[in-house]
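Participant: Below is the structure I would like to discuss, written out as structure tokens.
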Amino acid sequence: AQSVTQPDIHITVSEGASLELRCNYSYGATPYLFWYVQSPGQGLQLLLKYFSGDTLVQGIKGFEAEFKRSQSSFNLRKPSVHWSDAAEYFCAVGPGHNAGKSTFGDGTTLTVKP
Amino acid sequence: GAVVSQHPSWVICKSGTSVKIECRSLDFQATTMFWYRQFPKQSLMLMATSNEGSKATYEQGVEKDKFLINHASLTLSTLTVTSAHPEDSSFYICSASRGQGAKWQPQHFGDGTRLSIL
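Quick note, the sequences are listed as chains A and Y, same order.
The first sequence finishes on residue 461 if you use the numbering used here, and the numbering steps up by one all the way, no holes.
The second sequence finishes on residue 368 if you use the numbering used here, and the numbering steps up by one all the way, no holes.
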């Protein structure tokens, strides 16, 4: 069975500070990994994905994530957070051929202090 | 970019009524659409997958007679919550994808529908 754990329910950072959101996964085969962002009352937007190749992937809005197979992790990072980054972030793992079968983590709420 | 429109964004209705939620892909043909349910401060739970022209595939534990899904065209899927009760109150999100099968296609999410049953 596949599963995703996001250890941090809520993270607060100051604007301009760096950010790292943690994600650990369990998957029986080669994982396809995703990070999504959800603003309040809205759907999800794909930030980035990892299928294969370079383990450091770049996404939109200045985000990047690093796949570490040995640690079963796919942490999301951003060097300098902007107030507009405040949102809910979801990590997901699943089969690449069927995006809907992804399993989502419980999410991490990011608050950005001025 | 690909746009998915979900309507209505918020609905409040009395217990026992049926509610229909629409999910439209505005600028692409969605071979596959997904319906999720999200409880406050929780993750998305996949309810069902629908492919255009065929019956929806429901996830384990989801009542297919309660949550009717129709994917009649490549741009429209509907979720009908029949005889809704307060426990059905939730945030329902749809997503649409161009492809099915071996090749990955991104999901494009609607903005969700907040359903409140009184």
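Idealized CB from N, CA, C, for every residue including glycine.
Give every residue of the same chain whose Cβ lies closer than 7 Å to the Cβ of Thr267 (chain Y), excluding the five residues on either side of it in the sequence, and list them in chain order.
Facilitator: Ala334
Participant: With a 10 Å radius around its C-beta and 16 neighbouring C-beta atoms as the bar for buried, classify Gly452 (chain A) as buried or exposed.
Facilitator: buried
Participant: So, for Leu296 (chain Y): in the same chain, excluding its five sequence neighbours on each side, which residues have a beta-carbon less than 8 Å away from its beta-carbon?
Facilitator: Phe284, Trp285, Tyr286 and Glu309
Participant: Leaving aside the five residues before and after Phe359 (chain Y) along the sequence, list all residues of the same chain whose C-beta is less than 7 Å from its C-beta, in chain order.
Facilitator: Val254, Ile343 and Ser345
Participant: Whole angstroms are fine: how far does the CA of Phe410 (chain A) sit from the CA of Ser427 (chain A)?
Facilitator: 10 Å
Participant: Closer than 9 Å, CB to CB, is Gly311 (chain Y) near chain A or not?
Facilitator: no
Participant: Ser373 (chain A): buried (16+ other C-beta within 10 angstroms of its C-beta) or exposed?
Facilitator: exposed
Participant: So if I threshold CB-CB distances at 9 Å, which residues from the region 393-421 of chain A count as touching chain Y?
Facilitator: Leu393, Lys396 and Phe398
Participant: Pull up the CB-CB distance for Tyr383 (chain A) and Leu393 (chain A), whole angstroms please, since I reckon it's below 8 Å.
Facilitator: 6 Å
Participant: Does the separation of the CB atoms of Ala306 (chain Y) and Lys316 (chain Y) fall below 9 Å?
Facilitator: no
Participant: Locate the beta strand (DSSP E) running through Trp382 (chain A), then write down its first and last residues.
Facilitator: Tyr379 to Gln385
Participant: Closer than 9 Å by beta-carbon distance: list the chain Y residues that pair up with Gly375 (chain A), in chain order.
Facilitator: By Cβ distance, chain Y contributes nothing, its closest Cβ being about 18 Å from Gly375 (chain A), past 9 Å.
Participant: Going by alpha carbons, who is nearest to Asn371 (chain A) out of A:Ser361, A:Ser365 and A:Gln349?
Facilitator: A:Gln349
Participant: For Val459 (chain A), which of A:Ala364, A:Thr352 and A:Pro354 has the nearest alpha-carbon?
Facilitator: A:Ala364
Participant: Within 10 angstroms of the Cβ of Arg416 (chain A), are there 16 or more other Cβ atoms? Answer buried if so, exposed if not.
Facilitator: When all chains shown are included, Arg416 (chain A) counts as exposed.
Participant: Could you tell me whether the Cβ of Phe240 (chain Y) comes closer than 9 Å to any Cβ of chain A?
Facilitator: This structure does not reach residue 240 (chain Y), given that chain Y is present from 251 up to 368, and the question cannot be answered.
Participant: Just checking, does the region 263-277 of chain Y make contact with the region 321-338 of chain Y on the three C-beta pairs under 8 Å criterion?
Facilitator: yes
Participant: Counting only the same chain and skipping the five closest in sequence on each side, list residues whose C-beta sits under 6 Å from that of Lys396 (chain A).
Facilitator: Within its own chain, the residues whose Cβ lies closer than 6 Å to the Cβ of Lys396 (chain A), once the five positions on either side in sequence are excluded, are Phe381, listed in chain order.
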